[in-house]
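K.L.:
The structure under discussion is supplied below as structure tokens; questions concerning it will follow.
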Amino acid sequence: MKRADLATSLVLIPIDYFLLVSAGLTSYALRYQPVITQFRPVFFEFPFSEFLPSLLIFAFVGVVIFAFGGSYAIQSRYKVSEIFSKAFLGVSTTVLLVIVAVFFKRELFSSRFVVIIAWLLAVVYVSMGRLLVVALKAFLLKKGYGVHHLILIGSGRPIEDIRRYFEDNHHVGYAIVAAFQRLDHDAQQAIAQMVKGNAADEILETRDSATREDLAEALQFCHIHNLSFRYIAGLSQTRALNFETDSIAGYPIIQINKTPLTGWGRVYKRLLDIVLAFPASILLLPLFLIIVAAIRIDSRGPALIRLQRIGRAGRVFRMYKFRSMIVGAHTMKAQFAQYNERSDGPLFKMANDPRITRVGRFLRMMSLDELPQLWNVIRGDMSLVGPRPHEPEEVEHYRPNYRSLISIRPGITGLAQVSGRSNLSFEDEARLDLYYIENWSLLLDIRILLKTFYVVITLRDVA
């Protein structure tokens, strides 16, 4: 998802609202023009002071209907036919609701003229507004702003046709930055470096010879590096959870989305994080001060520590925690390696770990040592809910099928944590986190947060 695509969708929301209100105001003004009243006299006055609040409410309802109709879906290309059809359907549905309201509450509108003209004007206004936004975006794309950096895989006619199509249509916003015959190890290494330099956004597989295994491997690679993945329809099918279809240079294209946390899903999740994390960090400030004092009294060393963890797309960030171990505990891990109870995976866990302090044991039991990570959530390093943030050396030993765990922001809590994390094997923990990634919903996040509170309060399965 390019930020330019998100910005386009976001800017359409206030513009649509303004245009819907403008259509209503224009229709109201026209109704009382002498040229209209001469042919259709006004028998029942509808004061503007009563009309305006109703108009503002119905304009808001119209924007909500547009949203549910997919008008604000984050996409890189817009079709004129879709712009008109979505505007017509959205406005028509809104007007239908107005008619229903008129039926049940006659004083809402006394003139069918206002409703009909507002409907016609709204369709025109909204369509023209969206066309202007899309035209502005196309202009900026031609100037190089918000361009999608595309990597092609394959050779032969398809890749040449697609290359020529994008060269002839700069307004669609794609620039081919590299091409590889296969997505082999060398290609993956080169693309990974391009991702670090923000020089790659999407991979398009064009080979007829690509097998299901090739596509699955490419999808996994793109998922890890936060790249979009598309392929020409007719190639071997993958077991895609959800997909979108498109057409480029006459070739039917399928885009696979392995997680709902793309587009608006990522926006909704980020909004939930900010709405909850920011006030929570303020309300819990007195508790933070008490914990800091307890840690400093119990053992020498800082109360707050910063640890290196792997975030989304493999990026390293500093994670904050209240110190629950003695100073230098990390350097002693090799000394206790023989006592590791998580030999099934790359993680380290040890019962009755002697490195944990007295206060630290209580903090871990109540999961209070994780509270400073609210700051990581506010910064955007982490999310309230997600896979557990892992250490760089742990991630280095991931099996290929586990690397999807770093495709989204790690979380303070997660599905594995509320499902008995202290008793789970690494395989089970990874399986639960992968399920979360592939089946995310806002409701699932809320359920996990509520269950986290219950688990902490009842001291059940706390890691």
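Its first residue numbered 482, the sequence shown is counted upward by one per residue in our numbering.
Don't be surprised by glycine CBs; every beta carbon is placed ideally from N, CA and C.
1) Mapping DSSP to helix, strand and coil, what is residue 878?
2) Which residues does DSSP pair with residue 802 in a beta bridge?
3) Just tell me which of 889, 872, 925, 897 has its CA closest to the CA of residue 708.
4) Please check the pair residue 896 and residue 923, which I expect to be a contact at CB under 8 Å, by giving their CB distance rounded to whole angstroms.
5) Can you check which of these residues, 686, 806, 567, is closest to residue 548 by C-alpha distance?
6) Considering only C-alpha positions, which residue in the set 776, 854, 490, 596 is nearest to residue 618?
7) Expressed to the nearest angstrom, what Euclidean distance is found between the alpha-carbon atoms of residue 532 and residue 629?
8) Is the beta carbon of residue 785 closer than 8 Å to that of residue 803?
9) Apply the 10 Å Cβ neighbour rule to residue 638 and answer buried if 16 or more other Cβ atoms are within range, or exposed otherwise.
10) Using a threshold of 8 Å, state whether the C-beta atoms of residue 544 and residue 497 are closer than that.
11) I'd like the span of the beta strand (DSSP E) that includes residue 657, first residue to last.
12) Can you tell which of 927, 633, 933 has its C-alpha closest to the C-alpha of residue 752?
13) Kindly identify the DSSP beta-bridge partner or partners of residue 634.
14) Are the CB atoms of residue 598 and residue 508 nearer to each other than 8 Å?
15) If we call anything under 8 Å between Cβ atoms a contact, is residue 891 one with residue 869?
16) Classify residue 781 as helix, strand or coil using the three-state DSSP reduction.
17) Nearest to residue 865 by alpha carbon, out of 856, 872, 911, 691?
18) Which residue comes first and which comes last in the beta strand (DSSP E) that contains residue 711?
19) Got a sec? Which residues, its chain only, sit under 8 Å from residue 769 by beta carbon, not counting five neighbours each side?
20) Apart from the five residues just before and just after residue 792, which ones in its own chain have a Cβ nearer than 8 Å to its Cβ?
21) Grab me the residues of residue 917's own chain with a C-beta within less than 6 Å of its C-beta, minus the 5 sequence neighbours each way, in chain order.
22) Tell me, please, which residues DSSP counts as bridged to residue 894.
23) Helix, strand or coil: which one does DSSP assign to residue 807?
24) Consult DSSP for residue 873 and reduce its assignment to one of helix, strand or coil.
25) Pop quiz: residue 837 and residue 805 are said to be a contact at Cβ under 8 Å. What is the actual Cβ separation, rounded to whole angstroms?
26) Between the C-alpha atoms of residue 906 and residue 604, what's the straight-line distance to the nearest angstrom?
27) Can you tell me the Cβ-Cβ gap for residue 728 and residue 606, rounded? I've got them flagged as a contact below 8 Å.
28) Quick one, are the C-beta atoms of residue 662 and residue 635 less than 8 Å apart?
29) Pull the bridge partners of residue 479 from the DSSP assignment, please.
30) Per DSSP, what kind of secondary structure is residue 797 in: helix, strand or coil?
31) State yes or no: is the C-beta of residue 494 within less than 8 Å of the C-beta of residue 553?
32) Do residue 782 and residue 748 have their C-beta atoms within less than 8 Å of each other?
P.N.:
If we stick to the structure as given:
1) Of the three classes helix, strand and coil, the one that applies to residue 878 here is coil, per DSSP.
2) Per DSSP, the beta bridge partners of residue 802 are 786.
3) Restricting attention to 889, 872, 925, 897, the CA atom closest to the CA of residue 708 is found in 889.
4) Not really, about 14 Å apart at Cβ, beyond 8 Å.
5) The residue with the shortest Cα to Cα distance from residue 548 is 567.
6) For residue 618, the closest alpha carbon among the candidates 776, 854, 490, 596 is that of 490.
7) Approximately 45 Å between the Cα atoms of the pair.
8) Against a cut-off of 8 Å, the Cβ pair of residue 785 and residue 803 comes out as a contact.
9) Exposed.
10) Going by beta carbons, residue 544 and residue 497 fall inside the 8 Å limit.
11) Judged by DSSP secondary structure, residue 657 falls within the beta strand (DSSP E) whose first and last residues are 655 to 661.
12) Each of 927, 633, 933 was checked against the Cα of residue 752, and the nearest Cα belongs to 927.
13) The partner list for residue 634 (beta bridge, DSSP) reads 661, 686.
14) Yes; because the gap between Cβ atoms is below 8 Å, this pair is in contact.
15) Pairing residue 891 with residue 869 gives a Cβ-Cβ distance under 8 Å.
16) It is coil, neither helix nor strand.
17) Selected option, being the one with the closest Cα: 856.
18) Its beta strand (DSSP E) spans residues 709 to 713.
19) Shown here for residue 769: same chain residues with a beta carbon closer than 8 Å to its own, the five before and five after excluded, namely 852, 853 in chain order.
20) Non-local C-beta neighbours of residue 792 in its own chain, meaning closer than 8 Å and more than five positions away in sequence, comprise 798, 862, 863, 870, 887, 890, 891, ordered along the chain.
21) So the qualifying residues of the chain are 896.
22) Its beta-bridge partners are 866.
23) Of the three classes helix, strand and coil, the one that applies to residue 807 here is coil, per DSSP.
24) DSSP places residue 873 in helix when its eight states are reduced to three.
25) With a Cβ gap of about 6 Å, residue 837 and residue 805 count as contacting.
26) The alpha-carbon atoms of residue 906 and residue 604 are separated by roughly 57 Å.
27) About 30 Å separates the beta carbons of residue 728 and residue 606, which is beyond the 8 Å limit, so they are not a contact pair.
28) Residue 662 places its beta carbon less than 8 Å from that of residue 635.
29) The shown model of the chain, from 482 to 944, leaves out residue 479, and the question about it has no answer.
30) Note: residue 797 maps to strand in three-state DSSP.
31) Yes, these two residues count as a Cβ contact at 8 Å.
32) No, these two residues do not count as a Cβ contact at 8 Å.
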